[in-house]
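The structure appears below as structure tokens.
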Amino acid sequence: MRWMVLLTALASVGCTHLRSFSVTTIPEDRSRPVEAAGQRIVVLGINATNDFADTLVADLAEQCPDGRVSGIITRYEVAMVVPIFAYAHRVYVSGHCVTATGVGAQ
Amino acid sequence: MIGLFGLLMQVGCMHAHHLTTMSDIHAPEDFSQGRLVESEANQVVVLGLASDTNFVVDAYRDLGLQCPDGTVTGIQSRYSTALNFMRWEHTVRMWGYCFD
Amino acid sequence: MEHSAPYGVTMSPLLLALSTIGCMKMHAIQVGEIDAKAVENGERFEIKLSAIGVSTEDLGDIAEKLSRSRESRDETAIVSDIIELSQLGPRTGEPVFNPQFADRLHREILTRCPSGRVTGLVTIRETADYPGITGEIVKAVGYCGGEQ
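Protein chains in written order, with the numbering used here: chain Y, 1 to 106; chain B, 107 to 206; chain P, 207 to 354.
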């Protein structure tokens with residue numbers, strides 16, 4: 001019982017680890033931030049697909065229909081959901097929507 | 107034993123270098139006109155407990171803040187971890203070239 | 207038994223030679239934007255920055271095997287475990303003494319390409335594995351001469 005309480009307490013604090021990230025050029029115009037995220041819970045290490053990351057570009061484009069998304073930071077993290085048994089694989093993408101006539105457009 | 111553990115907490119000279127990446131390089135003018143800007147963010151993790159990884163976004167935002175009216179390009183990023191006894195410290199360091 | 211002796215003679219130098227070659231592992235790769243004309247006509251450059259990584263676990267195993275007595279083997283195992291415990295944390299490849307070994311990458315790229323017109327930039331984080339030590343490598347390959 002004590003171990004269950006301890007494990008639950010640990011899980012509530014979180015064991016989150018940054019696996020990788022990448023960045024692009026930061027534009028001058030940063031007035032319109034946009035962001036998207038995807039997640040997949042992997043149980044017992046069995047993961048059939050990573051398609052949760054496939055929709056991120058479309059999600060960002062939807063938020064910036066009249067411009068170009070620039071200044072993008074992409075990060076991939078793994079967080080513990082249930083100790084040992086389940087981990088959440090998350091990808092966060094955020095950037096700035098720069099319109100074609102904007103100052104920061106390239 | 108407490109003294110030994112205390113000593114071990116201070117020992118730590120090894121680092122894990124996870125990745126170094128370069129962004130695209132799109133200078134709006136002659137590259138010699140750019141000025142180097144840099145930023146760093148850290149996260150101390152004790153016993154593996156960490157709630158988020160927002161420190162990397164902080165480093166990216168801080169880099170942009172040093173060039174508020176310009177473009178930052180050619181951004182190199184380094185992600186490393188200082189290993190230690192029961193705790194470690196993540197570091198993200200970024201360098202870029204600001205064109206005002 | 208009679209066959210093992212000739213194999214023992216011929217395999218040892220081969221294993222020794224193979225152990226000097228090392229084993230390459232890739233950890234991360236990033237590919238940047240590509241200007242096809244610049245790739246075709248531009249100047250390719252390659253930069254490799256590295257540091258020696260130390261596998262304390264492997265070195266501990268080697269030290270244990272080289273120990274002459276059981277007592278010294280046990281002591282070596284304890285010291286090795288203490289050193290491992292003092293270096294906890296997530297790892298990519300093996301730990302290095304100086305994590306800043308690749309910090310000058312952006313300067314090296316600009317030295318190769320002062321105009322800053324770099325295209326097709328690929329950055330790779332890899333490890334060359336040898337017994338007990340590793341080469342922790344950051345490699346960048348690109349082409350100089352893209353459009354602004």
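Where is the CB? At the ideal position from N, CA and C, for every residue including glycine.
I'd like to know if B/VAL163 contacts chain Y, where contact means its C-beta is closer than 8 angstroms to some C-beta of that chain.
The beta-carbon of B/VAL163 is placed less than 8 angstroms from the nearest beta-carbon of chain Y.
Taking just the CA atoms, how far does Y/GLU77 sit from P/GLU332?
If you take the alpha carbons of P/GLU332 and Y/GLU77, they lie about 20 angstroms apart.
Rounded to a whole number of angstroms, what is the C-alpha to C-alpha distance between B/HIS123 and B/GLU135?
Distance between the alpha carbons of B/HIS123 and B/GLU135: 33 angstroms.
Element boundaries [beta strand (DSSP E), containing P/THR282]:
Counting along the chain, P/THR282 sits inside no beta strand (DSSP E); it lies in the alpha helix (DSSP H) bounded by residues 276–291.
What are the start and end residues of the alpha helix (DSSP H) that includes Y/LEU18?
Run containing Y/LEU18: none in the alpha helix (DSSP H); it sits in the beta strand (DSSP E), 16–23.
When the Cα atoms are used, what is the spatial distance from B/ARG162 to P/ALA269?
The residue asked about is misnamed: residue 162 of chain B is Val in this sequence, not Arg. Their Cα atoms are separated by approximately 39 angstroms.
What residue from P/ALA234, P/ILE253, P/VAL245, P/GLY238 has the CA that sits closest to P/PHE307's CA?
Minimum Cα distance to P/PHE307 is reached at P/ILE253.
Between B/TYR185 and B/ALA133, how many whole angstroms is the CB-CB distance? I'm expecting something under 8 angstroms.
Their Cβ separation, rounded to whole angstroms, is 25 angstroms, which puts B/TYR185 and B/ALA133 out of contact at 8 angstroms.
Entirely enclosed alpha helix (DSSP H) segments - the stretch 174–200 of chain B, minimum 4 residues
If we require 4 residues or more, the stretch 174–200 of chain B turns out to have no alpha helix (DSSP H) run fully inside it.
Do the stretch 327–343 of chain P and the stretch 299–319 of chain P meet, that is, are 3 or more Cβ pairs less than 8 angstroms apart?
Between the stretch 327–343 of chain P and the stretch 299–319 of chain P there are three or more C-beta pairs closer than 8 angstroms, enough to call the two in contact.
From the beta carbon of B/ALA156, is the nearest beta carbon of chain Y less than 8 angstroms away?
With 8 angstroms as the cut-off, B/ALA156 counts as an interface residue toward chain Y.
When Cβ atoms are compared, which residues of the stretch 9–43 of chain Y fall closer than 8 angstroms to chain P?
Taking 8 angstroms as the Cβ-Cβ cut-off, the stretch 9–43 of chain Y approaches chain P at HIS17, SER20, SER22, given in chain order.
If you run the structure through DSSP and keep just helix, strand and coil, what is Y/GLY102?
Confidence at Y/GLY102 is low in this model, with a pLDDT of 47, below 50, so its placement is unreliable and no value can be given for it.
Whether or not the stretch 311–324 of chain P and the stretch 269–288 of chain P are in contact is what I'm after, with contact meaning three or more pairs of Cβ atoms, one per stretch, closer than 8 angstroms; do they touch?
No, because fewer than three Cβ pairs between the stretch 269–288 of chain P and the stretch 311–324 of chain P fall closer than 8 angstroms, the two stretches do not touch.
Own chain, CB closer than 6 angstroms to Y/PRO27, minus 5 neighbours either side, in chain order
In the same chain as Y/PRO27, and ignoring 5 residues on each side of it, the C-beta atoms closer than 6 angstroms to its own belong to SER70, GLY71, HIS96, VAL98, GLY104, in chain order.
Short CB-CB distance (under 8 angstroms) between P/GLU332 and chain B
With 8 angstroms as the cut-off, P/GLU332 does not count as an interface residue toward chain B.
Where does P/ASN247 fall in DSSP's three states?
Three-state DSSP puts P/ASN247 in a helix.
At a Cβ threshold of 8 angstroms, is B/THR127 touching chain P?
At least one chain P Cβ lies under 8 angstroms of B/THR127.
For P/GLN236: DSSP bridge partner residues:
Per DSSP, P/THR329.
Shorter than 8 angstroms from the beta carbon of B/VAL150 to some beta carbon of chain Y?
So, not an interface residue.
Determine which residues share a DSSP beta bridge with Y/GLU35 and list them.
For Y/GLU35, which the question treats as bridged, DSSP gives the partners Y/SER94.
Alpha carbon to alpha carbon, how far is P/PRO301 from B/ARG193?
Cα to Cα, P/PRO301 sits roughly 15 angstroms from B/ARG193.
If you count every other CB in all the chains shown that lies within 10 Å of the CB of P/ARG313, and 16 or more means buried, which is it?
So P/ARG313 ends up on the exposed side.
Assuming Y/ARG175 and Y/ALA79 are in contact, meaning their beta carbons sit under 8 angstroms apart, how far apart are those beta carbons, in whole angstroms?
With chain Y represented from 1 up to 106, any question about residue 175 of chain Y goes unanswered, as that position is not in the structure.
Contact list for Y/ARG68 against chain B, beta-carbon separation under 8 angstroms
Going along chain B, no residue has its Cβ under 8 angstroms from Y/ARG68, so there is no contact; the nearest lies around 12 angstroms.
Inter-residue spacing [alpha-carbon to alpha-carbon] between P/GLY322 and P/ILE289:
One C-alpha to the other measures close to 44 angstroms.
For B/ARG141, count the other beta carbons within 10 Å of its own beta carbon; 16 or more makes it buried, fewer makes it exposed. Which is it?
With fewer than 16 other Cβ atoms within 10 Å, it is exposed.
Boundaries of the beta strand (DSSP E) in which P/GLU342 is found, first to last residue
P/GLU342 -> beta strand (DSSP E) spans 339–350.
Beta-carbon neighbours of P/ALA234, restricted to chain B and to distances below 7 angstroms:
Within chain B, the residues LEU125 have their CB atoms less than 7 angstroms from the CB of P/ALA234, given in chain order.
Might you give, ordered along the chain, the residues of its own chain that have their beta carbon closer than 8 angstroms to the beta carbon of B/LEU189, omitting 5 neighbours on each side?
Only GLY118, MET120, HIS121, ALA122 meet the Cβ criterion.
Could you please give the first and the last residue of the uninterrupted alpha helix (DSSP H) stretch that includes Y/ALA79?
It is not in any alpha helix (DSSP H) - Y/ALA79 instead sits in the beta strand (DSSP E) that spans 67–82.
May I ask you to report which of helix, strand or coil DSSP gives P/GLY259?
In the three-state reduction of the DSSP assignment, P/GLY259 falls in the strand class, which pools E and B.
Does Y/GLU119 come within less than 8 angstroms of chain B when only Cβ atoms are used?
Nothing can be reported for residue 119 of chain Y, as the shown portion of chain Y is limited to 1 through 106.
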